[in-house]
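If you count the sequence shown from 1, position 126 lands on 126 in UniProt numbering, and the numbers rise without skipping. Yeah, the Cβ is synthetic: ideal placement off N, Cα and C, and Gly gets one too.
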Amino acid sequence: MWAPPAASPPAAGSTPSLRLRPLRAASVRVLDTLPVAARAQDQRRRRLSLALAVPPPASEMAAAAADGEEEEEVVVVERETGSTKVVEMDAALRRELAIRRLREEAEAEADEAGAGAARSRRDFAVFETARGDALFTQSWTPAAADRVKGVVVLLHGLNEHSGRYSHFAKLLNHQGLKVYAMDWIGHGGSDGIHGYVSSLDHAVGDLKEFLEDVVLEENLGLPCFLFGHSTGGAIVLKL
1 MWAPPAASPP AAGSTPSLRL RPLRAASVRV LDTLPVAARA QDQRRRRLSL
51 ALAVPPPASE MAAAAADGEE EEEVVVVERE TGSTKVVEMD AALRRELAIR
101 RLREEAEAEA DEAGAGAARS RRDFAVFETA RGDALFTQSW TPAAADRVKG
151 VVVLLHGLNE HSGRYSHFAK LLNHQGLKVY AMDWIGHGGS DGIHGYVSSL
201 DHAVGDLKEF LEDVVLEENL GLPCFLFGHS TGGAIVLKL
């Protein structure tokens, strides 16, 4: 569960404190996107292509726990640089399950569409934050990508994940909007202790990085809308 950060005066340039606002189920913000100058070569977009060491089935993990065996470490390898990072089994397992669920849903949707042309394309990627955490992200793109009118970034609430918004994202695709979503720290397929966020400021900072390094760079000149549900709405308002 979310634990509020210790009270302290905000440092210069830090994320401002959460302001009191009327409660609302969802919050929407609009960002006016402007062309940005090209970034330095060494400031490449922090998106990773991962080779995941897939954990054993849950039944084998339970049997190993019963025998007192320790969980094995899972190593994430970045294909571009060859760098490696050891992550906790819980986060790696959740990420693998998120990827598997996404692929199964995409296959089921393709079967339902049959010979008819698909109206959405669903993709996933892993985004690395400045703290070094890997966050699971996904996107839904209208089949007629050249007719995209704008971009929507969805942010889920506490103790849920971005995959729950797939139906909503496809409805937005039908209106000509491309959709991005990010599992915030400790949720879905992202790093962190499951369901725990040490500071909501981490989620705010991660969303800001994701917007600047991925969403706005990939969609220059298009209007961008932020949609946050429940606690996700608080994160959007605090951005």
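Closest residue to residue i among the options (Cα-Cα distance)
i      : options                        : result
Thr129 : Thr231, Ser230, Lys208         : Lys208
Gly150 : Ser230, Gly188, Leu220         : Leu220
Pro223 : Leu211, Lys170, Arg164, Ser230 : Leu211
Ala106 : Arg131, Ser166, Asn159         : Ser166
8 Å contact criterion, which residue i and residue j should meet: CB distance rounded
i      : j      : result
Ala234 : His161 : Between His161 and Ala234 the Cβ distance is about 17 Å, and since that is not below 8 Å, they are no contact.
Val236 : Leu155 : 6 Å
Ile185 : Val204 : Incorrect: roughly 11 Å between the Cβ atoms, too far for contact.
Under the three-state DSSP convention, the category residue i falls into
i      : result
Ala92  : helix
Arg121 : strand
Ala130 : coil
Proximity of residue i and residue j at Cβ, strictly below 7 Å
i           : j      : result
Ala91       : Asp206 : no
residue 268 : Val153 : The structure shown does not extend to residue 268, since the chain is modelled only from 1 to 239, so the question has no answer here.
Ala145      : Arg119 : no
Gln138      : Phe127 : no
Arg95       : Gly189 : yes
Lys178      : Val148 : yes
Gly163      : His229 : no
Asn173      : Gly195 : no
Can you list, in chain order, the stretches of the beta strand (DSSP E) that have 3 or more residues and sit fully within the UniProt domain "Serine aminopeptidase S33" (147 to 238)?
-> Listed in chain order, they are 150 to 155, 177 to 182, 224 to 229.
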